[in-house]
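In mature numbering (1 follows the signal peptide of the UniProt record, and there is no 0), the protein residues as written are -20 to -1, 1 to 148. Structure first, then comments.
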Ligand SMILES: *[C@@H]1O[C@H](CO)[C@@H](O)[C@H](O)[C@H]1NC(C)=O
Ligand SMILES: *[C@@H]1O[C@H](CO)[C@@H](O)[C@H](O)[C@H]1NC(C)=O
Ligand SMILES: *[C@@H]1O[C@H](CO)[C@@H](O)[C@H](O)[C@H]1NC(C)=O
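What follows is the structure in structure tokens.
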């Protein structure tokens, strides 16, 4: 592969992965619900994900004062909760028993389980954004679970799909 082709390929890869990592709030709500997060907690988790990562699963935050880093959707600390990829002086525990890089996955299962463990042990205050932004009236997630009102276009699409299925 010549240099130009390689560069454009890598650019394309970078771009497509950038597009893939940002979750829509209702998409996150649905995934959390499937992972058995109580419905009454969904608004709070969405608020935390919004202020911690802007719904971005791959984000590693700027280093904290002690050099530690925060990983993923819920910005989980590699000081106490996951094992950083390289040895560091500050790393103290691996509370969630995971590698930090697993917390950056588009499969959010590990990040959600770890966040739930943190909440169980420390409560919402484990997230500094909570008291400031998420402990009040929040956007209701009920709208995420209501059947969508279909546009005429979508209805036609469904009918076409159904027709196709019947033929096959
Ligand atoms: C973390 O990754 C290392 C290798 O990179 C692996 O040996 C280890 O089992 C992983 N730990 C966990 C908790 O998944
Ligand atoms: C996501 O990760 C979990 C835990 O590692 C695994 O059990 C599950 O099968 C994965 N889901 C998908 C869709 O890959
Ligand atoms: C949330 O707000 C309530 C009522 O203002 C307050 O009593 C509580 O301590 C707050 N919780 C956190 C974690 O900030």
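We put the CB at the ideal spot given by N, CA and C, even for glycine. None of these values were measured; they are calculated from a predicted model.
Can you tell which of the options has its C-alpha closest to the C-alpha of residue i?
i           : options         : result
residue 75  : 69, 64, 84      : 64
residue 73  : 24, 15, 8, 48   : 48
residue 107 : 31, 12, 68, 77  : 31
residue 78  : 94, 14, 86, 121 : 94
residue 71  : 1, 46, 82       : 46
residue 97  : 26, 17, 124, 5  : 17
residue 110 : 25, 10, 8       : 25
residue 1   : 38, 113, 14, 69 : 38
residue 102 : 122, 61, 123    : 61
residue 153 : 41, 66, 85, 67  : Coverage of the chain is limited to positions -20 through 148, which leaves residue 153 absent and any answer about it impossible.
residue 80  : 8, 10, 9, 41    : 41
Report yes if the C-beta of residue i is less than 7 Å from at least one heavy atom of ligand 5; otherwise report no.
i          : result
residue 25 : Ligands displayed in this structure: ligand 1, ligand 2 and ligand 3; ligand 5 is not among them.
Exposed or buried, what is residue i when buried is set at 16 or more other beta-carbons lying within 10 Å of its beta-carbon?
i           : result
residue 52  : buried
residue 59  : buried
residue 33  : buried
residue 99  : buried
residue 88  : buried
residue 54  : buried
residue 105 : exposed
residue 127 : exposed
residue 56  : buried
residue -12 : For residue -12, the pLDDT reaches just 41, beneath the cut-off of 50, and the residue's location in the model is therefore unreliable, although a value from the coordinates is still provided. Classification of residue -12: exposed, given that the 10 Å Cβ count is below 16.
residue 117 : exposed
residue 28  : buried
residue 50  : buried
residue 43  : exposed
residue 12  : buried
I'd like to confirm something about residue i: is its beta-carbon nearer than 7 Å to some heavy atom of ligand 2, or not?
i          : result
residue 81 : no
residue 37 : no
residue 87 : yes
residue 90 : yes
Compute every distance between the C-beta of residue i and the non-hydrogen atoms of ligand 3, then say whether any falls below 7 Å.
i           : result
residue 110 : yes
residue 115 : yes
residue 105 : yes
Run the proximity test for residue i: is its beta-carbon closer than 7 Å to any non-hydrogen atom belonging to ligand 1?
i          : result
residue 63 : yes
residue 78 : yes
What runs of the alpha helix (DSSP H), each 4 residues or longer, lie entirely inside the stretch 48 to 113?
As summarised for the stretch 48 to 113, the continuous alpha helix (DSSP H) elements at least 4 residues long and confined to that stretch are 89 to 102, given in chain order.
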